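Visitor: A single structure is presented below for examination.
Residue numbers (this note's numbering): 197 to 496.
Shown next, in the form of structure tokens:
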């Protein structure tokens, strides 16, 4: 049996435009709620859900039933816009916020304008700085340092910074000694088979070299010292004598190494016979002894 309604009993749905009852609370076509007492916006996606619903059918988020929810459409649009603006800004901290965190937790005072520097003596040279820096210095880096280090660590760092590098264990080579070392290498490099030589310290630092410009002396030093030390450690475990010389053959050249007290003498050479190789090894060994005498006079 069909129901017939007059035009006064029907009204268009504001959402889909279909004719529905004037007193209807829900559109039977689009399920649009016409009463704020029945529907409310989801706090996560702002879609209209039933007030008694515990799970949003759009975003599948659990919602809590509360007495007061934004009812009108203007409030819902505003809450949706605020949710979009706040998205992705949960962990963004500004510089002012970081400064405030360290100021509140560490008691660091706010930075004040720098004072005028005091006039120091010493014209034409570096005047020694006798006073230590103020331990209560402000700034973000200083605040982070105080947050990570205690007072003892800060004092150690200040002593190392203001005391200068330690002189123990440091060797400086004079210009005369450098010239003398290169002059010692000249007779060895005068051989046609020798392409160049390099003197390496025990700390893997190149002291002097006569290698060609296309050859990187640092790479030759690292490779030679590492190979020499590996063989030396192996012989040490076997209770053999100390390693004096090594010969390494590459695809094109030979690499000769002679050990002395302060490091290694490495020569890059091209030989074709065993007699030439033996002669170059003797010549390199005598050159290494002369280099040892020069460095011994320089360092001791």
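Each residue gets a CB set at the ideal place from its N, CA and C atoms; glycine is no exception. This structure is a prediction, so every number in the text was calculated from the model and none was measured.
Tell me the DSSP secondary structure of residue 442 in three-state form.
Guide: Residue mapping note: residue 442 aligns to position 246 of the chain shown, counting from 1. Strand at residue 442.
Visitor: Just reading off the alpha helix (DSSP H) that residue 377 is part of, what are its end residues?
Guide: Here the question's residue 377 lines up with position 181 in the chain shown. Here the alpha helix (DSSP H) through residue 377 covers 371-385.
Visitor: Using 8 Å as the threshold, is the segment 384-399 in touch with the segment 412-427, meaning 3 or more CB pairs across them?
Guide: Cβ pair count under 8 Å is three or more, so yes.
Visitor: Can you find at least 3 beta carbon pairs, one from the segment 453-471 and one from the segment 484-492, that sit closer than 8 Å?
Guide: Output reads yes: the segment 484-492 touches the segment 453-471.
Visitor: The alpha helix (DSSP H) with residue 430 in it runs from where to where?
Guide: For the purposes of this step, residue 430 is identified with residue 234 of the chain shown, where counting begins at 1. Where residue 430 is concerned, the enclosing alpha helix (DSSP H) stretches over 413-433.
Visitor: Ordered along the chain, which non-local residues of its own chain (more than five positions away) have a Cβ less than 6 Å from that of residue 405?
Guide: Reading the chain shown from its first residue, position 209 is the one you call residue 405. So the qualifying residues of the chain are 394 and 413.
Visitor: What separation, rounded to the nearest whole angstrom, lies between the Cα atoms of residue 437 and residue 348?
Guide: Along the chain shown, read from residue 1 onward, the residue named residue 437 stands at position 241. Along the chain shown, read from residue 1 onward, the residue named residue 348 stands at position 152. Those two C-alpha atoms are separated by around 47 Å.
Visitor: Would you mind working out which of 377, 431, 390 and 477 sits nearest residue 465, comparing C-alpha positions?
Guide: Indexing the chain shown from 1 puts residue 465 at position 269. If we check each option's Cα against that of residue 465, 390 comes out closest.
Visitor: Nearest to residue 474 by alpha carbon, out of 491, 450 and 490?
Guide: By 1-based counting over the chain shown, the position of residue 474 is 278. The residue with the shortest Cα to Cα distance from residue 474 is 450.
Visitor: The beta strand (DSSP E) that contains residue 462, what's its start and end?
Guide: Taking the first residue of the chain shown as 1, we reach residue 462 at position 266. Start and end: 459-465.
Visitor: Which term fits residue 380, buried or exposed, when burial requires 16 or more other beta carbons within 10 angstroms of its beta carbon?
Guide: Residue 380 sits at position 184 when you count from the first residue of the chain shown. Classification for residue 380: buried.
Visitor: To the nearest whole angstrom, what separates the beta carbons of residue 453 and residue 441, a pair I think is in contact under 8 Å?
Guide: Looking up residue 453 in the chain shown gives position 257. Looking up residue 441 in the chain shown gives position 245. Contact holds; Cβ gap of about 6 Å.
Visitor: In the DSSP assignment, the beta strand (DSSP E) including residue 217 goes from what residue to what residue?
Guide: What you label residue 217 is simply residue 21 of the chain shown in a count that begins at 1. Unbroken beta strand (DSSP E) run through residue 217: 215-217.
Visitor: Hey, would you say residue 490 sits closer than 8 Å to residue 373, going by beta carbons?
Guide: In the chain shown, counting from the first residue as 1, residue 490 sits at position 294. In the chain shown, counting from the first residue as 1, residue 373 sits at position 177. Yes, Cβ-Cβ distance for residue 490 and residue 373 is below 8 Å.
Visitor: Just the Cα atoms here: how many angstroms apart are residue 242 and residue 351?
Guide: Here residue 242 corresponds to residue number 46 of the chain shown, with the count starting at 1. Here residue 351 corresponds to residue number 155 of the chain shown, with the count starting at 1. If I take the Cα positions, the gap works out to 58 Å.
Visitor: So which of 383, 420, 385 and 386 has the shortest CA-CA distance to residue 398?
Guide: Position 202 of the chain shown, counted from the first residue, corresponds to residue 398. The option with the nearest alpha carbon to residue 398 is 420.
Visitor: Using three-state DSSP, classify residue 348 as helix, strand or coil.
Guide: Residue mapping note: residue 348 aligns to position 152 of the chain shown, counting from 1. In the structure shown, residue 348 sits in a helix (DSSP, three-state: H, G or I).
Visitor: Which residue's Cα is closest to the Cα of residue 249: 434, 260 and 433?
Guide: What you label residue 249 is simply residue 53 of the chain shown in a count that begins at 1. Comparing Cα positions, the closest option is 260.
Visitor: Take residue 377 as the anchor and find which of 387, 403, 386 and 388 has the nearest alpha-carbon.
Guide: Here residue 377 is taken as the residue at index 181 of the chain shown, counted from 1. Nearest C-alpha to residue 377: 403.
Visitor: Quick one: measure Cβ to Cβ for residue 254 and residue 238, integer angstroms, because I've assumed they're closer than 8 Å.
Guide: In the chain shown, the residue the question calls residue 254 occupies position 58. In the chain shown, the residue the question calls residue 238 occupies position 42. Yes, they are in contact, since the Cβ atoms of residue 254 and residue 238 sit about 7 Å apart, within 8 Å.
Visitor: So the candidates are 467, 388, 478 and 494; which of them puts its Cα closest to the Cα of residue 375?
Guide: Residue numbering aside, residue 375 sits at position 179 when the chain shown is read from its first letter. Cα-wise, what sits closest to residue 375 is 494.
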